[in-house]
Amino acid sequence: MFRNYLIVAYRNLMRHKVYSVINVVGLSIGIAFCILTFLYVRHEWTYDAFHENAKRIYRVYLQDRTSASGMTPDPLGPALEAAFPDVRTVRFGWGASSAKFQDRTIRGSFNFADPAILEVFTFPLLKGDPVTVLEDPSSLVISDEAARKYFGHEDPIGKVLSVKLWGPPAVDRDFVITGIAKSIPKNSSIRFDFLAPFAARGQARSWSVRAIHTFVLLPENQRPAEVKGRFSKFLKSRRGELWDESIGLQPLLDMHLGRGIPGLWGAGNPVFSYILLGIALLVLANACVNFITLAVGRSFSRDREIAMRKTAGASRPQLMMQFLGESMLLSVIAMIAGVGLAELLLPVFNDLLRKDLALGDQADGVGLAFLLGLAAAVGVAAGGYPALVLSGFHPIAVWNRRLRLGASSLFGRALVVFQFALSVFLVVSTFLMIRQLEHLRTKPLGFESDHVLRIRAWDLWMRDTGLVGVYRNELIRHHTILGVTTTSHALSNRTRYSHTVEHKGNEIDVGLVDVGYDFLRTMGVSLVEGSDFDPQSTGSQSSILVNEALVRHLGWDHPVVGRMLRMEERDVTVAGVVKDFHVRSLHHTVRPAVLRFTLNEHGNVLVRIRPENISGTLAFVKEKWLEVAPDLPFQYSFLDDEVDGQYRREERWNRIVMYSALLAVLIACLGAYGLTALSVARRTREIGIRKVLGARGSGIVSLLSRVFVKLVVIASLIAWPVAYYASQRWLQDFAYRIEPGIGAFVLGGILMLAVVSLTVSVQAIRAAWANPVDALRTE
Numbered sequence: 003m004f005r006n007y008l009i010v011a012y013r014n015l016m017r018h019k020v021y022s023v024i025n026v027v028g029l030s031i032g033i034a035f036c037i038l039t040f041l042y043v044r045h046e047w048t049y050d051a052f053h054e055n056a057k058r059i060y061r062v063y064l065q066d067r068t069s070a071s072g073m074t075p076d077p078l079g080p081a082l083e084a085a086f087p088d089v090r091t092v093r094f095g096w097g098a099s100s101a102k103f104q105d106r107t108i109r110g111s112f113n114f115a116d117p118a119i120l121e122v123f124t125f126p127l128l129k130g131d132p133v134t135v136l137e138d139p140s141s142l143v144i145s146d147e148a149a150r151k152y153f154g155h156e157d158p159i160g161k162v163l164s165v166k167l168w169g170p171p172a173v174d175r176d177f178v179i180t181g182i183a184k185s186i187p188k189n190s191s192i193r194f195d196f197l198a199p200f201a202a203r204g205q206a207r208s209w210s211v212r213a214i215h216t217f218v219l220l221p222e223n224q225r226p227a228e229v230k231g232r233f234s235k236f237l238k239s240r241r242g243e244l245w246d247e248s249i250g251l252q253p254l255l256d257m258h259l260g261r262g263i264p265g266l267w268g269a270g271n272p273v274f275s276y277i278l279l280g281i282a283l284l285v286l287a288n289a290c291v292n293f294i295t296l297a298v299g300r301s302f303s304r305d306r307e308i309a310m311r312k313t314a315g316a317s318r319p320q321l322m323m324q325f326l327g328e329s330m331l332l333s334v335i336a337m338i339a340g341v342g343l344a345e346l347l348l349p350v351f352n353d354l355l356r357k358d359l360a361l362g363d364q365a366d367g368v369g370l371a372f373l374l375g376l377a378a379a380v381g382v383a384a385g386g387y388p389a390l391v392l393s394g395f396h397p398i399a400v401w402n403r404r405l406r407l408g409a410s411s412l413f414g415r416a417l418v419v420f421q422f423a424l425s426v427f428l429v430v431s432t433f434l435m436i437r438q439l440e441h442l443r444t445k446p447l448g449f450e451s452d453h454v455l456r457i458r459a460w461d462l463w464m465r466d467t468g469l470v471g472v473y474r475n476e477l478i479r480h481h482t483i484l485g486v487t488t489t490s491h492a493l494s495n496r497t498r499y500s501h502t503v504e505h506k507g508n509e510i511d512v513g514l515v516d517v518g519y520d521f522l523r524t525m526g527v528s529l530v531e532g533s534d535f536d537p538q539s540t541g542s543q544s545s546i547l548v549n550e551a552l553v554r555h556l557g558w559d560h561p562v563v564g565r566m567l568r569m570e571e572r573d574v575t576v577a578g579v580v581k582d583f584h585v586r587s588l589h590h591t592v593r594p595a596v597l598r599f600t601l602n603e604h605g606n607v608l609v610r611i612r613p614e615n616i617s618g619t620l621a622f623v624k625e626k627w628l629e630v631a632p633d634l635p636f637q638y639s640f641l642d643d644e645v646d647g648q649y650r651r652e653e654r655w656n657r658i659v660m661y662s663a664l665l666a667v668l669i670a671c672l673g674a675y676g677l678t679a680l681s682v683a684r685r686t687r688e689i690g691i692r693k694v695l696g697a698r699g700s701g702i703v704s705l706l707s708r709v710f711v712k713l714v715v716i717a718s719l720i721a722w723p724v725a726y727y728a729s730q731r732w733l734q735d736f737a738y739r740i741e742p743g744i745g746a747f748v749l750g751g752i753l754m755l756a757v758v759s760l761t762v763s764v765q766a767i768r769a770a771w772a773n774p775v776d777a778l779r780t781e
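Per our numbering, the sequence shown runs over residues 3 to 781.
Have a look at this one:
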């Protein structure tokens, strides 16, 4: 029986090749999208799950009255382990920038951790004993990838690396490679190329410095809430009554997608998974709608087949099995094509999401179960309704030609409206995203970011703060360099700058930007009142510049120059007011800010260059860097690229929605093409008679197209309010945003109407120009 079902299903698919191809193409697109989404969602939601003790590992964070931070002081871990012997602690941090092996410079991820990291976490070693491999302070574990990258086929065990530890002052220390760690999974919050004992970290240990992460492994069946309370009481007794922070425990499995406390390598966002999953399911539903409408639409050509089977004794369940078998066969074919399409689209998908996913990463039991389940679900979802409708035909009604599908036709049109509405929604959303991104790019920021290099000089600053000034003085002498300054802030979201000032006894939260020589002129920041810092004047050390937002917040009248504020337990004088400028993305409003001059140069060197001969200027800037610090990496970027980079997430989602819109429109057009072909086949005699009676070709085209025009109009009226609501929710994330005008909505509807009309016209024109005699003779 099953073999017979397959044979009949195969013959039906081959007999109606056009409709089979339309269904396979549509379903394979939807399935490929679902496979790619599954790769991303599973990657995100299984972060750190490979650790054997993952459910018992927690990251320690410090909570005050307003915020929480995952950065902890060095002594916290040992203090907790000494006070609570049943708890294992692991500290993980940074402390090195580069290393040398013989004459080669190695730049990788150098991290420091307590030796217990290899027992608490699951990082298997290819070589070395996990218990003793990090016992010696001069030992070093290298990852398998780093070993292949830096040493090729050589065995790195026993090789000596000279590692430059952070300062100040920076020092060189020799480490011996004693172990090789197996490749670390891509969805690991803790990653390293080189791992050294925490005892070798070249920084002073202090309760006031918070620059590392601390993890704890709790005993079996230990409640985190109880442990957290004991930790906080211990810390309070240890640090005194003035200590107003409590200890929190964040589960390792929640760290990547946890909100509020960023992970080690940047936190993920579960909302993205939900949105991507929703888009994928909508695209797949769009393809299933095609299958349903075409299957029900072709029912007129299979009514006699069904009547004959029923007359011969076939039961309704048997017929349903037959039709479900056809949809399942089509689903399996679409699944095979979808896997190939997913592999083809994977590079684009990875580029969109900044990931390095691979189909092979999910080639396990869960991945196979997903594919089989998806194929079955698509087969049932697409073929269930047609099987129910077609198997319900009454033989007598078929033989008497009294069969009508009014309800089915109404349902089919509703499904087509759903397709078109989804397409219009995605097209309109794409237009609004493009407008918002263009608004972000063109809005004045209050400073000039064009032709400005940002040189990352923190390594140089930590080695010797005076070297940054030496480097600055070397650059300013070149004729292609218009200005050089230093700042503590990168003028983007990558830097936090919260601080407080006192005014009349009230504390005010402000942004603090430490600046060096010539900051205003170099960056094109306008001075509204007062004067810029004078490097030659000692008064600059006790004066500040404020922005207009702070003046408005304090309610000051002009003139402002000479007014006093209290900052860091001393009085400072306002020397001038600068025009508001954005030091964070346009997701945020300009907040009250203070610019403070300091002779202590900073780790961000901003260099404004002439637009001519940029490559030559870059070569000069690098050459001077190598003269000052030949062993430190020269790292730079263009400031305008970094400013644009603040909206990479929005750009990625814009591209995802745009590609989804293209796929949805393609699938909808395939369905419209197929339905038009069915309509032409069903109305062949009518079209022939109309032409014989004198109907024009344009009238025939209008007759066949008008129903789709109505459906697109209805779909647009449904999609527009939904698109408006969704866009308003999305735009709320921006402090500076566009107002969704009617233009984008109308344009989306017109574009959808034009594409569908063009698709339908292909079939309609062919029918309009056909010879009516042939049609009547065939009938």
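Each residue gets a CB set at the ideal place from its N, CA and C atoms; glycine is no exception.
Element boundaries [beta strand (DSSP E), containing residue i]
i              : result
tryptophan 96  : 90 to 96
alanine 492    : Careful: alanine 492 lies outside any beta strand (DSSP E) and carries neither H nor E.
isoleucine 214 : 212 to 219
threonine 575  : 572 to 580
isoleucine 611 : 606 to 611
arginine 586   : No beta strand (DSSP E) holds arginine 586; DSSP gives it neither H nor E.
Residue i and residue j closer than 7 Å at C-beta
i              : j                 : result
alanine 34     : phenylalanine 422 : no
lysine 624     : phenylalanine 636 : yes
asparagine 55  : leucine 251       : no
valine 429     : leucine 733       : no
arginine 610   : leucine 484       : yes
arginine 456   : leucine 608       : yes
methionine 330 : glycine 386       : no
alanine 737    : histidine 590     : yes
leucine 477    : valine 470        : no
glycine 28     : leucine 672       : yes
alanine 666    : threonine 761     : no
Beta-ladder partner(s) of residue i, from DSSP
i                 : result
asparagine 862    : For the chain, the structure presents residues 3 to 781; residue 862 sits outside this window and is missing.
alanine 183       : Leu127 and Ser145
lysine 166        : Ser100 and Asp174
threonine 502     : Asp511
aspartate 516     : Arg598
phenylalanine 114 : Gly95 and Ala198
aspartate 569     : Note that residue 569 is methionine in the sequence shown, not aspartate. Beta-bridge pairing links methionine 569 to Arg572.
glutamate 531     : Val579
alanine 70        : Gln65
Sequence-distant residues of its chain with Cβ nearer than 7 Å to residue i (five each side left out)
i                 : result
leucine 749       : Phe433
lysine 19         : none
serine 729        : Ser431, Leu434 and Pro742
alanine 98        : Phe112, Val165, Lys166, Leu167 and Trp168
serine 30         : Ala336, Ala339, Gly340 and Leu343
phenylalanine 420 : Val291
leucine 529       : Leu522, Gly578 and Val580
Residue interval of the alpha helix (DSSP H) (run including residue i)
i             : result
isoleucine 24 : 19 to 47
arginine 554  : 550 to 556
proline 80    : 78 to 85
glycine 647   : 641 to 647
valine 630    : 616 to 630
valine 562    : From DSSP, valine 562 is part of no alpha helix (DSSP H); its letter is neither H nor E.
valine 122    : 119 to 122
Own chain partners of residue i with C-beta closer than 6 Å, once the 5 adjacent residues on each side are dropped
i                 : result
valine 585        : His491 and Leu493
aspartate 195     : Gly110, Ser111, Ser145 and Ala148
isoleucine 720    : Ala423
phenylalanine 622 : His480
arginine 404      : Because the pLDDT of arginine 404 is 46, which lies under 50, any placement of that residue in the model is unreliable, and the question is left without a value.
aspartate 174     : Ser164 and Lys166
isoleucine 108    : Ala101 and Tyr152
Spatial neighbours of residue i in its chain, beta-carbon cut-off 8 Å, leaving aside the 5 residues before and after
i            : result
tyrosine 726 : Pro742 and Phe747
glycine 408  : Reliability fails at glycine 408, whose pLDDT of 40 lies under 50, so the model's placement of it is uncertain and the value that follows must be treated cautiously. Here the set comprises nothing.
Beta strand (DSSP E) runs wholly inside the stretch 703 to 752, at least 3 long, in chain order:
none
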